[in-house]
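Structure, as structure tokens:
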Amino acid sequence: STRVFSGIKPSGGLTLGNYLGAIKRFVDWQERGTDCIFCVVDLHAITVWQEPSELPGMTREVAAGYLAAGIDPEKSILFNQSQVHEHAELAWIFNCVARVGWMNRMTQFKEKAGKNSEKESLGLYAYPSLMAADILLYHATHVPVGEDQKQHVELTRDIAAKFNHDYGTEFFPLTEPVIDGPATRVMNLRDGSKKMSKSGQSDMERINMTDDADTIAKKFKKARTDPEPLPETMEGLKERPEARNLVDIYASLSDRSSAEVLRDYAGAGWGQFKPALAELAVEKLAPVAEEMRRLMDDPAEIDRTLARGAERARAIAAPILAKTYETVGLIRG
Ligand code: AQP
Numbered sequence: 007s008t009r010v011f012s013g014i015k016p017s018g019g020l021t022l023g024n025y026l027g028a029i030k031r032f033v034d035w036q037e038r039g040t041d042c043i044f045c046v047v048d049l050h051a052i053t054v055w056q057e058p059s060e061l062p063g064m065t066r067e068v069a070a071g072y073l074a075a076g077i078d079p080e081k082s083i084l085f086n087q088s089q090v091h092e093h094a095e096l097a098w099i100f101n102c103v104a105r106v107g108w109m110n111r112m113t114q115f116k117e118k119a120g121k122n123s124e125k126e127s128l129g130l131y132a133y134p135s136l137m138a139a140d141i142l143l144y145h146a147t148h149v150p151v152g153e154d155q156k157q158h159v160e161l162t163r164d165i166a167a168k169f170n171h172d173y174g175t176e177f178f179p180l181t182e183p184v185i186d187g188p189a190t191r192v193m194n195l196r197d198g199s200k201k202m203s204k205s206g207q208s209d210m211e212r213i214n215m216t217d218d219a220d221t222i223a224k225k226f227k228k229a230r231t232d233p234e235p236l237p238e239t240m241e242g243l244k245e246r247p248e249a250r251n252l253v254d255i256y257a258s259l260s261d262r263s264s265a266e267v268l269r270d271y272a273g274a275g276w277g278q279f280k281p282a283l284a285e286l287a288v289e290k291l292a293p294v295a296e297e298m299r300r301l302m303d304d305p306a307e308i309d310r311t312l313a314r315g316a317e318r319a320r321a322i323a324a325p326i327l328a329k330t331y332e333t334v335g336l337i338r339g
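Taking the UniProt record's numbering, the leading residue of the sequence shown gets 7, the next gets one more, and so forth.
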């Protein structure tokens, strides 16, 4: 049967990319009645340095983002990864299944590490193996993610297949990445060749879910574009990454396709389109941001929600880890 798992790293404030590429789609899965597990993947966040005094606040902000956008902790399981120690344990088993050569092909590591990869943490390198554990610990069948995570979900399939093959079992499912909708790769507002990231250098590159109306308007106004007006068809957006990005964002926020948005705005200049986009973004994000602030005013309540979710998660995870250990031949007293 279908089970969805996905996660978000508390490595900074949530962006419009996380919202459109991930959270908004998670809510759709939940509303379709699917069995869903959503995680704040704090063990992933510490693959790069996180200030210990700031990490709890960022973890709560991601939890608040999920809740404010419509994840219902009664319908879905919502928790933070480090409270279910089975994630780290299964990741170790997968470190022994995955091959070094597989990790070497991961483009996200190459992008994050740049030329000086010797100075990166071993955790950053092994990140996809922990991600495979996150997913397979629940025998998840579908993982909705943004385009940037596709390669990692494919690696999860490779790890599952090799485990199954090596141990002569069909224990782990071959999970499907689900990458759909018009905003699977929201781009940086100042450089249409890079994706919008929480940890990108300048705040002007991204829309944060908690930005106020003036900030959102200012960021879209200053967003880089070309001088041409909007074309009539999608064909006309080819080779225009910045224009394409803003149209895709508009489409995703309004639950329409990019082609439909172009039908309304064909021939419009940026002086017309950008304010309309800012207004739409404020209309959609302001209520979510307000609810996030309300939730973050009561950190103890967020912590209780995460702890309850962790208990429910562990009830699924513990027997799957126990069976894995037994399969591998590890004695359990
Ligand atoms: N720009 C994006 N467009 C669409 N989807 C995106 N996602 C992230 N950025 C975009 C999706 O959000 C989910 C959570 O991502 P993550 O927090 O686990 O890690 P990430 O992909 O590395 O996100 P960031 O924002 O770029 O974080 P930093 O800067 O810390 O590395 C995933 O489903 C992801 O695809």
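All residues carry an ideal CB built from backbone N, CA and C; glycine is no exception.
Query, Result
"Residues that N251 bridges to, as DSSP identifies them", "Bridge partners of N251: none, in fact."
"In chain order, each alpha helix (DSSP H) run of at least 4 residues that lies wholly inside the stretch 204-266", "219-228, 247-259"
"Coil, strand or helix - N24 by DSSP", "helix"
"For V149, the first and last residue of its enclosing beta strand (DSSP E)", "148-150"
"S7 Cβ short of 7 Å to the ligand AQP heavy atom set", "no"
"Nearest-angstrom Cα separation, counted from V47 out to E57", "16 Å"
"3 or more residues per run - each beta strand (DSSP E) lying fully within the stretch 263-303", "none"
"Proximity test, A219 beta-carbon vs the ligand AQP heavy atom, cut-off 7 Å", "no"
"Length of the line joining the Cα atoms of T330 and T113", "29 Å"
"Closest residue to S203 among T8, V10, L22 (Cα-Cα distance)", "L22"
"Any non-hydrogen atom of the ligand AQP within 7 Å of S12 CB", "yes"
"Bridge-paired residues (DSSP) for C42", "V10"
"Sub-8 Å separation of V151 and A28 beta-carbons", "yes"
"Three-pair Cβ contact test at 8 Å for the stretch 272-292 versus the stretch 232-241", "yes"
"Straight-line Cα distance separating K125 from N322", "Correcting the residue type first, residue 322 is Ile in the shown sequence and not Asn. Approximately 37 Å between the Cα atoms of the pair."
"Classification of H171 by the beta-carbon crowding that lies within 10 angstroms, buried from 16 upward", "exposed"
"Nearest to P188 (by Cα), restricted to the options A74, E285, S264", "S264"
"Ranges of the alpha helix (DSSP H) found wholly within the stretch 73-114, counting only runs of at least 4", "92-101, 106-110"
"V334 vs I99 beta-carbon contact at 8 Å", "yes"
"Burial state of S135, where buried means 16 or more other Cβ atoms lie within 10 Å", "buried"
"Residue from A70, Y25, G18, H50 whose Cα sits closest to the Cα of D309", "A70"
"Proximal residues to T175 (C-beta, below 7 Å), its chain only, five neighbours per side dropped", "T333"
"E317 (DSSP reduced to helix, strand or coil)", "helix"
"Nearest-angstrom Cα separation, counted from K200 out to M210", "13 Å"
"The ligand AQP heavy atom lying under 7 Å from the CB of S203", "yes"
"Secondary structure of V184, DSSP reduced to three states", "strand"
"I77 and V33 closer than 8 Å at C-beta", "yes"
"I337, buried or exposed, once every other Cβ within 10 Å from all chains shown has been counted against 16", "exposed"
"M193 (DSSP reduced to helix, strand or coil)", "strand"
"Identity of the residues DSSP links to K201 by a beta bridge", "M193"
"Straight-line Cα distance separating E117 from L128", "15 Å"
"beta-carbon E291 near the ligand AQP non-hydrogen atom, thresh 7 Å", "The residue asked about is misnamed: residue 291 is Leu in this sequence, not Glu. Outside the cutoff, so no."
"Cβ separation of E67 and G19, assumed to be a contact under 8 Å, to the nearest whole Å", "6 Å"
"Near the ligand AQP: R196 beta-carbon under 7 Å from a heavy atom", "no"
"A132 versus K156: straight-line alpha-carbon distance, rounded", "16 Å"
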